[in-house]
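As structure tokens, the structure follows; a few thoughts come after it.
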Amino acid sequence: MAECFFALARLVVSHPPRLAIPAPGRLVPRSSLATILSAKMRVNSIQLALAGLAAVSNAVPVKQSVDTQKPITKLQLGPRPYWLVDSLEDSPLKTELEQCKEMEMKPTAWSIGHRGGGTMQIPEHSIESFLAGTRMGAGIQECDVAFTKDLELVCRHSHCDLHTTTNIVDIPELNAKCTTPFQPADPATGKTATAKCCTSDITIAEYKTLCAKMDGSNPNATTTAQYLKGTPTWRTDLYSNECAKVLTHKESIKLIDSLGLKFTPELKTPEVPMPFAGDYTQEKFAQQMIDEYKEAGIDPSRVYPQSFLYADILYWLKAEPEFAKQAVLLDESADAPGAFPGAVANLTRYAADGVPIIAPPLPYLVTVGKDDSGKEKLVPSIYATEAKRLGMKIIAWTAERSGWVGNAARSGDYYYATVANYTKKDGDVYQVLDVLGRDIGVLGVFSDWSATVTYYANCFGLFP
Numbered sequence: 002m003a004e005c006f007f008a009l010a011r012l013v014v015s016h017p018p019r020l021a022i023p024a025p026g027r028l029v030p031r032s033s034l035a036t037i038l039s040a041k042m043r044v045n046s047i048q049l050a051l052a053g054l055a056a057v058s059n060a061v062p063v064k065q066s067v068d069t070q071k072p073i074t075k076l077q078l079g080p081r082p083y084w085l086v087d088s089l090e091d092s093p094l095k096t097e098l099e100q101c102k103e104m105e106m107k108p109t110a111w112s113i114g115h116r117g118g119g120t121m122q123i124p125e126h127s128i129e130s131f132l133a134g135t136r137m138g139a140g141i142q143e144c145d146v147a148f149t150k151d152l153e154l155v156c157r158h159s160h161c162d163l164h165t166t167t168n169i170v171d172i173p174e175l176n177a178k179c180t181t182p183f184q185p186a187d188p189a190t191g192k193t194a195t196a197k198c199c200t201s202d203i204t205i206a207e208y209k210t211l212c213a214k215m216d217g218s219n220p221n222a223t224t225t226a227q228y229l230k231g232t233p234t235w236r237t238d239l240y241s242n243e244c245a246k247v248l249t250h251k252e253s254i255k256l257i258d259s260l261g262l263k264f265t266p267e268l269k270t271p272e273v274p275m276p277f278a279g280d281y282t283q284e285k286f287a288q289q290m291i292d293e294y295k296e297a298g299i300d301p302s303r304v305y306p307q308s309f310l311y312a313d314i315l316y317w318l319k320a321e322p323e324f325a326k327q328a329v330l331l332d333e334s335a336d337a338p339g340a341f342p343g344a345v346a347n348l349t350r351y352a353a354d355g356v357p358i359i360a361p362p363l364p365y366l367v368t369v370g371k372d373d374s375g376k377e378k379l380v381p382s383i384y385a386t387e388a389k390r391l392g393m394k395i396i397a398w399t400a401e402r403s404g405w406v407g408n409a410a411r412s413g414d415y416y417y418a419t420v421a422n423y424t425k426k427d428g429d430v431y432q433v434l435d436v437l438g439r440d441i442g443v444l445g446v447f448s449d450w451s452a453t454v455t456y457y458a459n460c461f462g463l464f465p
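The numbering of the sequence shown is my numbering, which starts it at 2 and goes up by one.
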């Protein structure tokens with residue numbers, strides 16, 4: 002490009018267009034006028050070309066970088082929260098929320114970015130999702146932590162989800178390294194397409210060549226390109242056309258720190274036998290995650306380490322007491338039929354062992370009850386009231402992960418399982434958030450679209 006610029010410049014200097022400009026007041030023949038205008042047009046075209054080439058030759062490709070971010074203080078919630086408020090049936094809650102439509106929104110730790118917080122529309126655990134969630138007010142950001150073949154830590158929701166959250170199957174040399182390389186569907190036999198690609202299948206260098214994409218796959222795919230096209234219809238591929246940048250755990254720390262936010266890394270339960278690669282134990286994995294915050298000079302008060310494995314929480318309580326002051330036990334123990342009473346009973350043991358924060362999914366916390374007149378309404382569950390009685394702090398997951406709320410009952414949605422026959426409109430997410438915020442007093446709520454939770458938190462002054 003530079004060579005083209007200088008060549009054209011030399012041409013103009015050495016062969017300037019010759020314009021025969023008539024004396025003032027003298028008539029110009031039509032043929033001469035055409036010649037003059039043509040010459041002027043050539044001059045203007047050359048000048049424009051030079052200006053354009055100069056601009057291009059000086060341009061620097063813009064890429065998202067963890068090195069160039071600054072705290073985002075001017076939030077942009079977009080239309081969704083306001084649309085959700087309008088969707089609510091007339092009620093005192095709707096009136097309160099409507100009164101907040103013109104207020105200036107601020108970041109809040111009550112709004113926790115789930116896999117970045119832009120996850121509903123932007124590839125999860127990408128720098129783009131982190132920036133979107135932050136611009137929508139998330140005050141805490143999550144990196145789900147998995148390890149690679151060479152024992153480096155990366156941000157992935159599962160150790161083995163690369164085949165649905167990245168383009169790995171479309172890269173032949175990396176697809177070949179997958180636990181289960183892509184196998185096409187066979188329409189004749191009804192066999193569906195399969196693949197299983199884990200972070201532990203590849204090195205950190207190989208991981209960094211991947212592009213994040215919207216989570217999903219096409220079970221009827223006969224090619225890798227078809228397999229990658231499986232985004233649910235209520236999400237979008239609008240922001241997936243370019244290569245969304247995947248992050249290592251260290252990069253996520255650097256990014257979140259530069260944005261001035263808090264951290265909530267989740268130690269993902271391995272899907273390979275442990276110890277891995279000889280002597281890499283679960284304890285070493287748990288310690289490595291904490292060590293990377295120490296190496297970055299992050300104050301423990303800014304970190305909320307999470308895990309579904311109770312042994313991880315107990316390890317941190319003993320080995321890293323400062324970081325464990327905000328340790329989060331993720332609880333899914335009531336998912337099995339009939340297991341809910343046992344999950345409630347387990348809270349007593351967790352509290353006695355010193356677990357400071359319990360984090361169950363939405364259906365563990367909110368259910369349908371009745372007001373004094375006998376009318377149905379959403380209320381805190383027995384699980385929520387028991388956790389509060391024991392003095393445990395509560396974090397809830399995950400808002401905005403269900404698609405159309407009105408379809409929850411028909412689709413068997415997980416997050417609205419206990420209230421699916423009550424919630425009818427998308428705006429009813431604010432009824433759920435109202436129980437979490439006003440009645441239960443949760444510490445924060447994970448969301449796939451941070452703006453929704455940020456709006457509620459700002460409206461009711463929730464800035465933990």
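Don't be surprised by glycine CBs; every beta carbon is placed ideally from N, CA and C.
Tell me the rounded alpha-carbon separation between residue i and residue j.
| i | j | result |
| --- | --- | --- |
| Val329 | Asp202 | 28 Å |
| Ile123 | Phe447 | 16 Å |
| Phe461 | Leu366 | 20 Å |
| Met275 | Cys161 | 15 Å |
| Glu272 | Pro72 | 36 Å |
| Thr166 | Pro362 | 22 Å |
| Leu85 | Ser259 | 31 Å |
| Pro182 | Leu94 | 51 Å |
| Asp373 | Pro80 | 36 Å |
| Asp414 | Ile441 | 23 Å |
| Ala325 | Leu318 | 5 Å |
Are the Cβ atoms of residue i and residue j separated by less than 7 Å?
| i | j | result |
| --- | --- | --- |
| Val443 | Leu437 | yes |
| Ala177 | Pro185 | no |
| Pro301 | Glu323 | yes |
| Tyr384 | Val345 | yes |
| Pro338 | Ala418 | no |
| Ile205 | Thr282 | no |
| Thr225 | Asp187 | no |
| Lys251 | Arg303 | no |
| Asp354 | Ser88 | no |
In this structure, does DSSP put residue i in helix, strand or coil?
| i | result |
| --- | --- |
| Trp405 | coil |
| Trp84 | helix |
| Pro465 | coil |
| Lys192 | strand |
| Asp280 | coil |
| Val443 | coil |
| Val329 | strand |
| Gln100 | coil |
| Val273 | coil |
| Ile73 | coil |
| Gln432 | helix |
| Ala312 | helix |
| Ile257 | helix |
Tell me which residues share the same chain as residue i and place their Cβ nearer than 7 Å to its Cβ, disregarding the 5 neighbours each side in the sequence.
| i | result |
| --- | --- |
| Met121 | Arg236, Glu401, Asp449 and Trp450 |
| Ser130 | Arg116, Gly117, Gly118, Gly119, Thr120, Ile123 and Pro124 |
| Ile314 | Ser308, Ala328, Leu330 and Val356 |
| Thr109 | Gly138, Gly140, Thr455, Ala458, Asn459, Leu463 and Phe464 |
| Leu391 | Leu348, Thr349 and Ala352 |
| Glu321 | Ile291 |
| Lys192 | Ala186 |
| Ser412 | none |
In chain order, what residues of the same chain have a beta carbon less than 6 Å from the beta carbon of residue i, not counting five sequence neighbours either side?
| i | result |
| --- | --- |
| Ser127 | Ala213, Ala245 and Lys246 |
| Gln432 | Leu379 |
| Trp111 | Gly445, Ala458, Leu463 and Pro465 |
| Cys101 | Cys460 |
| Arg136 | Ile73 and Gln77 |
Of the choices the options, whose alpha-carbon is the least far from that of residue i?
| i | options | result |
| --- | --- | --- |
| Glu207 | Trp84, Ala312, Ser334 and Leu175 | Leu175 |
| Thr234 | Tyr417, Lys426, Ser412 and Gly404 | Gly404 |
| Arg157 | Thr282, Leu391 and Lys269 | Lys269 |
| Val369 | Leu363, Gly375, Val380 and Ala360 | Val380 |
| Ile395 | Pro220, Asn408 and Asp332 | Asp332 |
| Phe473 | Tyr316, Lys255 and Asp258 | A question about residue 473 goes unanswered here, because the residues of the chain that appear run from 2 up to 465. |
| Gln288 | Ile359, Arg81, Leu154 and Lys426 | Leu154 |
Going along the chain, which residues of its own chain have a beta-carbon closer than 8 Å to the beta-carbon of residue i, five neighbours each way excluded?
| i | result |
| --- | --- |
| Asp145 | Arg116, His126, Cys156, Arg157, His158, Ser159, Pro266, Glu267 and Lys269 |
Within the present structure, is the beta-carbon of residue i separated from the nearest heavy atom of the ligand HEM by less than 6 Å?
| i | result |
| --- | --- |
| Gln77 | The ligand HEM is absent from the structure shown, which contains no ligand whatsoever. |
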